[in-house]
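S.K.: Input: one structure, supplied below.
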Amino acid sequence: MAGCHACDLAQQRTQVVSGEGAENADIIFIGEAPGYNEDRQGRPFVGAAGAFLDELLASIGLTRRDVYIANVIKCRPPGNRDPLPAEIAACKPWLDRQMELINPKVVVTLGRFSLSRFLPNEAISKVHGRVRQMGNMVCFPMYHPAAALHQGSLRSTIEADMRRLSEIVKELESANAPDRQDDGGRQLALF
Ligand code: URA
13 MAGCHACDLA
23 QQRTQVVSGE
33 GAENADIIFI
43 GEAPGYNEDR
53 QGRPFVGAAG
63 AFLDELLASI
73 GLTRRDVYIA
83 NVIKCRPPGN
93 RDPLPAEIAA
103 CKPWLDRQME
113 LINPKVVVTL
123 GRFSLSRFLP
133 NEAISKVHGR
143 VRQMGNMVCF
153 PMYHPAAALH
163 QGSLRSTIEA
173 DMRRLSEIVK
183 ELESANAPDR
193 QDDGGRQLAL
203 F
């Protein structure tokens, strides 16, 4: 991935920001694209939005080391503009491969670009904080943490969705607990 030239973003990036965290994580958080700080440091979510993401994780007793954090596209768009459809398409094989290798149980999409990668045609305002079965994993859409930095009223919504995520993870754990295996495990109550 570090030498990828599949789209023009390769020309302006400082480096590819592949992602970080536990390679066997049960939960993957997928944001949009690296910003200025991420491009410099080569790590996802290290700026202001990342500080809020760290806080959100801590609020449910997790750290970055317990999960995996990646982005839909791996190189910074100039001026932090929205990713272009061609850039998302060029980067798709990388995210697909990460999903295959990490094989998470829960995919948390952060923001609309990440949501549309997994649940195209859904509006984030409608589906955030609600779980959806997706093959052998579940998808849990959330607003992007940066949205709360621009629109303060979203902060409590994101915090509430994070608490819901924690409940879902616990439900999944108990559904997969050994004493429930006799009935083949239980699926989550879905919306
Ligand atoms: N926003 C994102 O979507 N990803 C990052 O890595 C940083 C900010």
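Throughout the sequence shown, residue numbering follows the numbering used here, covering 13 to 203 in sequence.
All residues carry an ideal CB built from backbone N, CA and C; glycine is no exception.
As the structure is a computational prediction, the values presented were derived from the model and not from experiment.
1) Pick from I114, A158 and R176: whose alpha carbon is nearest that of A34?
2) Mind listing, in chain order, the residues whose beta carbon lies closer than 7 angstroms to a non-hydrogen atom of the ligand URA?
3) According to DSSP, simplified to helix, strand and coil, what is F152?
4) Could you check what DSSP says for N83 in three-state terms: helix, strand or coil?
5) Note down the Cα distance separating V150 from T26, rounded to an integer number of angstroms.
6) Shortest alpha-carbon distance to R129 belongs to which of A63, D173, N83 and T169?
7) Among Q53, L131 and R175, which residue has its Cα nearest to the Cα of R88?
8) List the residues that DSSP assigns as beta-bridge partners of Q145.
9) On the CB-based measure, 16 or more other CB atoms within 10 Å of its CB, does A45 come out buried or exposed?
10) Determine the contact status of L177 and V118, defining contact as a CB-CB distance below 9 angstroms.
11) Of all the options T75, S71, E179 and G91, which has the alpha carbon lying nearest to the alpha carbon of S168?
12) Helix, strand or coil for L31 per DSSP?
13) What does the alpha-carbon distance come out to for the pair E32 and K182?
14) If you draw a straight line from the alpha carbon of G47 to that of D94, how long is it in whole angstroms?
15) Return helix, strand or coil for F41, following the three-state DSSP convention.
16) DSSP on L21, reduced to helix/strand/coil?
17) What is the DSSP secondary structure of T169, counted as helix, strand or coil?
18) Going by CA-CA distance only, name the one from R175, E50, P116 and A187 that's closest to R142.
19) For K138, count neighbouring Cβ atoms within 10 angstroms of its own Cβ and tell me buried if that reaches 16, exposed if not.
20) What would DSSP say about V139, mapped onto helix, strand or coil?
M.R.: With the given structure in hand:
1) I114
2) V29, G43, E44, A45, P46, G47, E50, P56, F57, G59, A61, G62, N83, L122, G123, H156 and A158
3) strand
4) strand
5) 34 angstroms
6) N83
7) Q53
8) V150
9) buried
10) yes
11) S71
12) The sequence given here places Gly at residue 31; Leu does not occur at that position. Correct three-state label for G31: coil.
13) 23 angstroms
14) 11 angstroms
15) strand
16) helix
17) helix
18) R175
19) exposed
20) helix
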